Amino acid sequence: MATEVEHGAEMADHAVENTGLVFHPMDQFIVKPLFGDGHVGMFTITNVTLWMAIAIAAIAALMVWGTSRRAIVPSRTQSVAELAYGFIHKMVEDVTGKDGLKYFPYIMTLFMFIVMSNFLGLIPMSFTTTSHFAVTVVLALAVFLGVTILGFVKNGASFLSLFWVSSAPLALRPILALIEVISYFVRPVSHSIRLAGNVMAGHAVLKVFAGFAAVAAVSPLTIVAITAIYGLEVLVAFIQAYVFTILTCVYLKDALHPHH
Amino acid sequence: MATSQLAEDLAGICVDSHGSAIGMPQLCSEWIPNQVFWLVITLVVIFFVLSRIALPRIASVLAERQGTITNDIAAAEELKRQASEAEAAYDKALADARSEAQGIAQATRDEIKAELDAATAKADEQIAAKSAESEAAIAEIRASSLANIEIVAKDAAAAIVARFGGNADQAAISAAVDSRMKG
Numbered sequence: 001m002a003t004e005v006e007h008g009a010e011m012a013d014h015a016v017e018n019t020g021l022v023f024h025p026m027d028q029f030i031v032k033p034l035f036g037d038g039h040v041g042m043f044t045i046t047n048v049t050l051w052m053a054i055a056i057a058a059i060a061a062l063m064v065w066g067t068s069r070r071a072i073v074p075s076r077t078q079s080v081a082e083l084a085y086g087f088i089h090k091m092v093e094d095v096t097g098k099d100g101l102k103y104f105p106y107i108m109t110l111f112m113f114i115v116m117s118n119f120l121g122l123i124p125m126s127f128t129t130t131s132h133f134a135v136t137v138v139l140a141l142a143v144f145l146g147v148t149i150l151g152f153v154k155n156g157a158s159f160l161s162l163f164w165v166s167s168a169p170l171a172l173r174p175i176l177a178l179i180e181v182i183s184y185f186v187r188p189v190s191h192s193i194r195l196a197g198n199v200m201a202g203h204a205v206l207k208v209f210a211g212f213a214a215v216a217a218v219s220p221l222t223i224v225a226i227t228a229i230y231g232l233e234v235l236v237a238f239i240q241a242y243v244f245t246i247l248t249c250v251y252l253k254d255a256l257h258p259h260h
Numbered sequence: 001m002a003t004s005q006l007a008e009d010l011a012g013i014c015v016d017s018h019g020s021a022i023g024m025p026q027l028c029s030e031w032i033p034n035q036v037f038w039l040v041i042t043l044v045v046i047f048f049v050l051s052r053i054a055l056p057r058i059a060s061v062l063a064e065r066q067g068t069i070t071n072d073i074a075a076a077e078e079l080k081r082q083a084s085e086a087e088a089a090y091d092k093a094l095a096d097a098r099s100e101a102q103g104i105a106q107a108t109r110d111e112i113k114a115e116l117d118a119a120t121a122k123a124d125e126q127i128a129a130k131s132a133e134s135e136a137a138i139a140e141i142r143a144s145s146l147a148n149i150e151i152v153a154k155d156a157a158a159a160i161v162a163r164f165g166g167n168a169d170q171a172a173i174s175a176a177v178d179s180r181m182k183g
């Protein structure tokens with residue numbers, strides 16, 4: 001079965017090579033070792049390592065180097081750092097309340113990593129770490145497990161009242177409780193797939209259009225389309241980071257205040 | 001040899017012989033431990049960079065800015081209050097100066113009037129004194145002229161009598177002159 005698929009793919013490769021059209025929209029997501037070829041082990045230094053390191057460097061440049069002058073009247077870089085701080089700080093305070101501000105550094109870490117990785121992924125030829133489910137599932141599971149443990153630690157067994165909708169009629173409550181439990185456990189799935197799916201789809205579409213650009217007849221149209229989609233992807237890069245972060249805040253609020 | 005063969009086999013799971021992806025690279029289980037490992041490292045590093053350095057620094061900058069703005073507003077209000085106080089003081093000083101000026105003008109006017117009155121009175125007095133003196137002088141002159149006339153008349157009468165050849169008695173002549181002059 002596998003060999004058949006491989007064979008088919010090879011045939012398709014030959015076909016597109018003959019016509020000059022080459023579509024490999026998923027190749028940009030391949031994890032490669034940086035030094036030499038071969039097996040990608042757990043500790044191998046790969047393009048994942050490289051682009052995560054670049055993300056760390058970019059975050060440090062923005063948040064640490066950019067604010068190093070501690071100016072009362074901020075420079076442009078410092079303004080952006082303060083905007084990011086104010087944006088997330090206000091979001092945490094508005095959604096979870098004052099007692100959620102303790103967890104602000106964790107949420108800020110998630111937001112800065114996702115938004116910076118998304119934007120770095122928009123650089124041509126770069127590798128987008130947040131397009132991989134392995135990455136977003138870890139992020140979402142960390143949030144899910146953290147929030148669930150926090151809910152039980154803070155509220156004990158009364159955390160379960162999150163699933164018991166006391167404002168509904170008594171007869172409906174068990175059914176609603178079942179739905180609530182299912183939706184609670186679906187959270188990490190939707191949380192992670194939403195981010196990686198959006199980023200991956202956008203990048204793949206860009207690559208497909210880039211493949212069409214090789215055909216002279218449609219290339220002007222294609223380039224316009226790539227430009228438009230790129231603009232959309234810039235928007236998506238920010239919005240998905242925002243959505244991931246605000247959902248984290250909502251889940252945190254449920255853990256801190258489980259009573260409906 | 002065996003391990004490198006194994007590595008090649010493993011490398012071939014998700015990538016075909018042309019180096020292209022087979023299916024979705026996102027679902028390639030071979031790469032998951034690598035991504036998870038580096039992600040955890042990255043998140044820990046970012047968390048420490050943010051929570052130890054960046055976030056406290058930005059919080060202090062924002063607090064400092066808020067403090068500066070509050071202080072500046074308070075200082076501005078203080079200055080505004082001082083300015084209105086100064087304006088009130090200026091208005092008061094102006095009103096005082098105006099009333100004082102009016103007082104001074106009135107006093108000066110009164111003083112000048114008094115001096116003028118005194119000078120007028122003095123001048124009147126002097127004029128009266130002078131006229132009295134003049135009248136006295138005139139009376140004296142008149143009296144002295146009458147006396148002179150009497151002497152001249154007596155002398156003239158005596159001379160006339162002498163010229164007529166008479167030897168007039170001095171006493172009779174003066175009595176005759178006196179009686180004529182009274183008449």
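Taken in sequence, the protein lines are chains A and B.
Here the UniProt record's numbering is used: position 119 in the first sequence is 119, and no number is missing along the way.
Here the UniProt record's numbering is used: position 98 in the second sequence is 98, and no number is missing along the way.
Just so it is clear, CB atoms sit at the ideal spot from N, CA and C, and this is done for glycine as well.
Predicted, not measured: the structure shown is a model, and the values here were computed from it.
query	result
Minimum Cβ-Cβ distance from Gln-82(B) to chain A less than 8 Å	no
C-beta neighbour in chain A for Met-1(B), strict 8 Å	Because the pLDDT of Met-1(B) is 39, which lies under 50, any placement of that residue in the model is unreliable, and the question is left without a value.
Straight-line Cα distance separating Thr-44(A) from Cys-14(B)	17 Å
Strand pairing of Ala-21(B), partner residues [DSSP]	Val-15(B)
Val-115(A) vs Ala-241(A) beta-carbon contact at 8 Å	yes
Three-state secondary structure assigned by DSSP to Thr-248(A)	helix
Reduced DSSP secondary structure (H/G/I, E/B, other) of Pro-56(B)	helix
Within-8 Å CB hit, Ala-21(B) to chain A	yes
As assigned by DSSP and simplified to three states, the class of Thr-3(B)	Any reading at Thr-3(B) must be qualified, since the residue scores a pLDDT of 47, below 50, and its modelled position is unreliable; the value itself is stated next. Note: Thr-3(B) maps to helix in three-state DSSP.
Cβ-based neighbour list, Val-218(A), same chain, cut-off 8 Å, excluding 5 preceding and 5 following	Phe-212
Boundaries (first-last residue) of the alpha helix (DSSP H) holding Glu-93(A)	76 to 96
Closest residue to Ala-154(B) among Ala-136(B), Glu-140(B), Ser-174(B) (Cα-Cα distance)	At residue 154(B) the sequence reads Lys, which differs from the Ala that was named. The option with the nearest alpha carbon to Lys-154(B) is Ser-174(B).
Distance between Leu-178(A) and Asp-254(A) (C-alpha atoms, nearest Å)	17 Å
Cut-off 8 Å between Cβ atoms - residues of its own chain near Gly-100(A), not counting five sequence neighbours on either side	Val-92, Glu-93, Cys-249, Leu-252, Lys-253, Leu-256
Spatial distance of Thr-136(A) from Glu-78(B) (CA atoms)	55 Å
First through last residue of the alpha helix (DSSP H) which encompasses Arg-180(B)	170 to 182
Counterpart residues of Thr-70(B) in DSSP-defined beta bridges	Paired residue(s): none; Thr-70(B) is not in a bridge.
Chain-ordered neighbours of Asp-27(A) on chain B, where CB pairs are closer than 7 Å	Ser-20, Ala-21
Own chain, CB closer than 7 Å to Asp-120(A), minus 5 neighbours either side, in chain order	Looking at the sequence shown, residue 120(A) is not Asp but Leu. Around Leu-120(A): Trp-51, Ile-54, Ala-55, Ala-58, Ser-126.
Own chain, CB closer than 6 Å to Ser-117(A), minus 5 neighbours either side, in chain order	Ala-55, Thr-129, Thr-130
Within chain A, the residues that Pro-71(B) reaches when beta carbons sit closer than 7 Å	The amino acid at residue 71(B) is misidentified as Pro; the sequence shows Asn. The contacting residues do not exist; Asn-71(B) stays about 11 Å from chain A at best.
Any C-beta of chain A under 8 Å from that of Gln-66(B)	no
Pro-33(A) (DSSP reduced to helix, strand or coil)	strand
Continuous alpha helix (DSSP H) stretch holding Pro-105(A): start and end	104 to 121
Buried or exposed by the 16-neighbour rule on C-beta atoms within 10 Å, applied to Phe-111(A)	buried
Top-ranked residue by Cα proximity to Ala-84(A), from Arg-70(A), Thr-109(A), Val-208(A)	Thr-109(A)
Proximity test, Cβ basis, 8 Å: Ile-239(A) and chain B	no
Other residues of its chain near Leu-247(A): CB distance less than 7 Å, five sequence neighbours each side excluded	His-191
Rounded separation between Tyr-106(A) and Lys-80(B) - CA only	46 Å
Glu-93(A): contacting residues in chain B (beta-carbon distance under 9 Å)	Those do not exist, as Glu-93(A) stays about 13 Å from chain B at its closest Cβ, beyond 9 Å.
Three-state class that DSSP yields for Thr-46(A) in the structure shown	strand
Neighbour list for Pro-105(A) in chain B, Cβ cutoff strictly below 7 Å	Phe-47, Leu-50, Ser-51, Leu-55
Residue environment, Arg-18(B), which counts as buried when at least 16 other CB atoms sit within 10 Å	The sequence given here has His at residue 18(B), not Arg. By the neighbour-count rule (16 or more Cβ atoms within 10 Å), His-18(B) is not buried but exposed.
Integer-rounded CB distance, given that Gly-197(A) should sit under 8 Å from Ile-229(A)	Actually they do not touch by this definition, with Cβ atoms about 16 Å apart.
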